[in-house]
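A.B. asks: When we follow the UniProt record's numbering, the leftmost residue of the sequence shown carries the number 1, and every step to the right adds one.
Cβ coordinates follow ideal geometry from the N, Cα and C atoms, glycine included.
Just so we're clear, the structure is a prediction, and the values are computed from it rather than from any experiment.
Before anything else, here's the structure in question.
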Amino acid sequence: MSEYAKKLEILEWVRQSCPQASMCDIPDNTIELEIAMEQKDCYQHCPGISGCKHHGYIYLPVLYPYSASRPPYYKTACTPCKVRIMAEKKAAIETYVKNCGIPDLFKHATFENFTTIRRTPKIGLAKSIAQDCVAQELALTLMGTPGTGKTHLAAAMVHAWLAKGKSAIFIPVVALLDEIRRGYGPYSPLPKIEDAIKSTDFVALDDLGAQKDNDWVTERLWELIDQRYRERKPITITSNAVSKDHLVIIAGERGPQIVSRLTDQTFGHYIVLEDIDYRSLKRQDR
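Right under this line is the structure:
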């Protein structure tokens, strides 16, 4: 390949990041740019960060400005590749899952071991709706009296999302608010729990209504739920509320807006489970 043809190929690659680049911006010594250009298709055969000779970093063209000794020209700058960025994001989210994730009682709660045998048909309906919401990436609000299997289904949805290769968080509402309060301190670790809740693919918030309500609490819940609603990122809520009107009350001052978002049929579904003691029936099956 001639020097001109080599520079032309490099220029085309540089223009993917810097459309304004011209041939005169390409330096005579192109070795650095050639090495960086070799990574342009690395995602097609990515060995993973542990097998990557660059440890999950790529090199992109950057225009070095004009100085008294030389005109502007392109060199390369190191930046994390998208695989490393996703891995770091996942690691940050998993830290929160480890610290305030699924309770031990529900660590192995899945759709497969959520039995519908000898249960009321509404239990089977709730399971089917939860599975459909995972498949269609929709929100779900599970309401009803204690012991009706709501938390099991929410945990099962988290496991199903993780099985799809997506990020997911399960967290009780009370634990979430405690984490947010800690995040407002001057020495709080980053990213804050709000960042994880807002950015993760799926969130299950357990036991809405157990929180001690005040203006600060309801505003934080409203902000998180509203952002996920606006960005169409699914969320599952469990609550001991026995109706939409009851949920409005126990959700706090922002209850009407919160429930309006959660029950918007373009965003997700809701179901009320009452007078169904799934917990005691499960013990009888053992």
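State the start and end residues of the unbroken alpha helix (DSSP H) segment that holds L247.
C.D. replies: Here residue 247 refers to the residue found at position 247 when the sequence shown is read from its first residue. Run containing L247: 244–250, per the alpha helix (DSSP H) assignment.
A.B. asks: Taking the C-alpha atoms as reference points, what is the distance between N113 and L125?
C.D. replies: In the sequence shown, counting from the first residue as 1, residue 113 sits at position 113. In the sequence shown, counting from the first residue as 1, residue 125 sits at position 125. C-alpha separation (whole angstroms): 15 Å.
A.B. asks: Identify whether G147 lies in helix, strand or coil by the three-state DSSP scheme.
C.D. replies: Taking the sequence shown and counting its residues from 1, the one referred to as residue 147 is at position 147. Coil at G147, not helix or strand.
A.B. asks: Which full runs of the beta strand (DSSP E) of 3+ residues lie inside the UniProt domain "IstB-like ATP-binding" (108–241), going along the chain?
C.D. replies: Counting whole runs of 3 or more residues, the UniProt domain "IstB-like ATP-binding" (108–241) contains the beta strand (DSSP E) stretches 139–144, 168–172, 202–208, 235–239.
A.B. asks: State buried or exposed for P61, treating a residue as buried only when at least 16 other CB atoms are found within 10 Å of its CB.
C.D. replies: By 1-based counting over the sequence shown, the position of residue 61 is 61. P61 should be labelled buried.
A.B. asks: Can you check DSSP and say which residues form a bridge with K82?
C.D. replies: Here residue 82 is taken as the residue at index 82 of the sequence shown, counted from 1. Answer is none; K82 lacks a bridge partner.
A.B. asks: Count the other C-beta atoms from every protein chain shown that fall within 10 angstroms of the C-beta of S22, then say buried if there are 16 or more, exposed otherwise.
C.D. replies: As a working mapping, residue 22 is identified with position 22 in the sequence shown. With fewer than 16 Cβ atoms within 10 Å of its Cβ, S22 is classed as exposed.
A.B. asks: For H159 and G48, I'd like the C-alpha separation in whole angstroms.
C.D. replies: As a working note, residue 159 is residue 159 in the sequence shown. As a working note, residue 48 is residue 48 in the sequence shown. H159 and G48: Cα-Cα distance of roughly 23 Å.
A.B. asks: Would A241 pass as a contact of M143 if the rule is Cβ separation under 8 Å?
C.D. replies: Counting from 1 along the sequence shown, the entry for residue 241 is found at position 241. Counting from 1 along the sequence shown, the entry for residue 143 is found at position 143. Against a cut-off of 8 Å, the Cβ pair of M143 and A241 comes out as a contact.
A.B. asks: Note the first and the last residue of the continuous beta strand (DSSP E) segment covering L105.
C.D. replies: As a working note, residue 105 is residue 105 in the sequence shown. From DSSP, L105 is part of no beta strand (DSSP E); its letter is neither H nor E.
A.B. asks: Under DSSP, the alpha helix (DSSP H) around G255 begins and ends at which residues?
C.D. replies: Within the sequence shown, the letter at position 255 stands for residue 255. Residues 255–262.
A.B. asks: Can you give me the C-alpha to C-alpha distance between I197 and Q211, rounded to a whole angstrom?
C.D. replies: Start at 1 with the first residue of the sequence shown, and residue 197 comes out as number 197. Start at 1 with the first residue of the sequence shown, and residue 211 comes out as number 211. The straight-line gap from Cα to Cα measures roughly 17 Å.
A.B. asks: Pull up the distance between the alpha-carbon of L140 and that of Y270, whole angstroms please.
C.D. replies: Taking the first residue of the sequence shown as position 1, residue 140 is located at position 140. Taking the first residue of the sequence shown as position 1, residue 270 is located at position 270. Roughly 5 Å between the two C-alpha positions.
A.B. asks: Mind reading off the beta-carbon distance from K122 to L153? Whole number of angstroms is fine, and I expect it under 8 Å.
C.D. replies: As a first step, residue 122 must be located in the sequence shown, where it is residue number 122. As a first step, residue 153 must be located in the sequence shown, where it is residue number 153. That belief does not hold up - the Cβ atoms of K122 and L153 are roughly 12 Å apart, past 8 Å.
A.B. asks: When DSSP labels each residue in this structure, what does G48 get in the three-state scheme?
C.D. replies: Translated into positions along the sequence shown, residue 48 becomes position 48. G48: coil per DSSP, three-state reduction.
A.B. asks: Can you give me the Cβ contacts of A223 inside the same chain, cut-off strictly under 7 Å, excluding the 5 residues immediately before and after it?
C.D. replies: Within the sequence shown, numbered from 1, the residue matching residue 223 stands at position 223. This sequence places Glu at residue 223; Ala is not what is there. Nothing meets the Cβ criterion.
A.B. asks: What does a CB cutoff of less than 7 Å around L177 pick up in its chain, not counting 5 residues either side in sequence?
C.D. replies: As a working note, residue 177 is residue 177 in the sequence shown. Closer than 7 Å at the Cβ level, and outside the excluded window around L177, lie Q211, V217, R220.
A.B. asks: Can you name the residues that DSSP bridges to G56?
C.D. replies: The residue labelled residue 56 in the question sits at position 56 within the sequence shown. DSSP lists no partner for G56.
A.B. asks: Around the Cβ of C78, are there at least 16 other Cβ atoms within 10 angstroms (buried) or fewer (exposed)?
C.D. replies: Mapped onto the sequence shown, residue 78 falls at position 78. By the 10 Å Cβ count, C78 comes out exposed.
A.B. asks: Am I right that F202 and T151 are in contact with their C-beta atoms under 8 Å? What's the rounded C-beta distance?
C.D. replies: Translated into positions along the sequence shown, residue 202 becomes position 202. Translated into positions along the sequence shown, residue 151 becomes position 151. Between T151 and F202 the Cβ distance is about 16 Å, and since that is not below 8 Å, they are no contact.
A.B. asks: Which of the three DSSP states is assigned to K75 in this structure?
C.D. replies: Working through the sequence shown from its first residue, we reach residue 75 at position 75. DSSP places K75 in strand when its eight states are reduced to three.
A.B. asks: Please classify residue 310: is it buried, with 16 or more other beta-carbons within 10 angstroms of its beta-carbon, or exposed?
C.D. replies: This structure does not reach residue 310, given that the chain is present from 1 up to 286, and the question cannot be answered.
A.B. asks: Around the C-beta of Y59, are 16 or more other C-beta atoms found within 10 angstroms, so that it is buried, or is it exposed?
C.D. replies: Locating residue 59 in the sequence shown gives position 59, counting from the first residue. The residue is buried, with at least 16 neighbouring Cβ atoms inside 10 Å.
A.B. asks: Please state if the CB of E179 and the CB of I193 are separated by a distance shorter than 8 Å.
C.D. replies: In the sequence shown, residue 193 corresponds to position 193, counting from 1. In the sequence shown, residue 179 corresponds to position 179, counting from 1. Going by C-beta atoms, I193 is nearer than 8 Å to E179.
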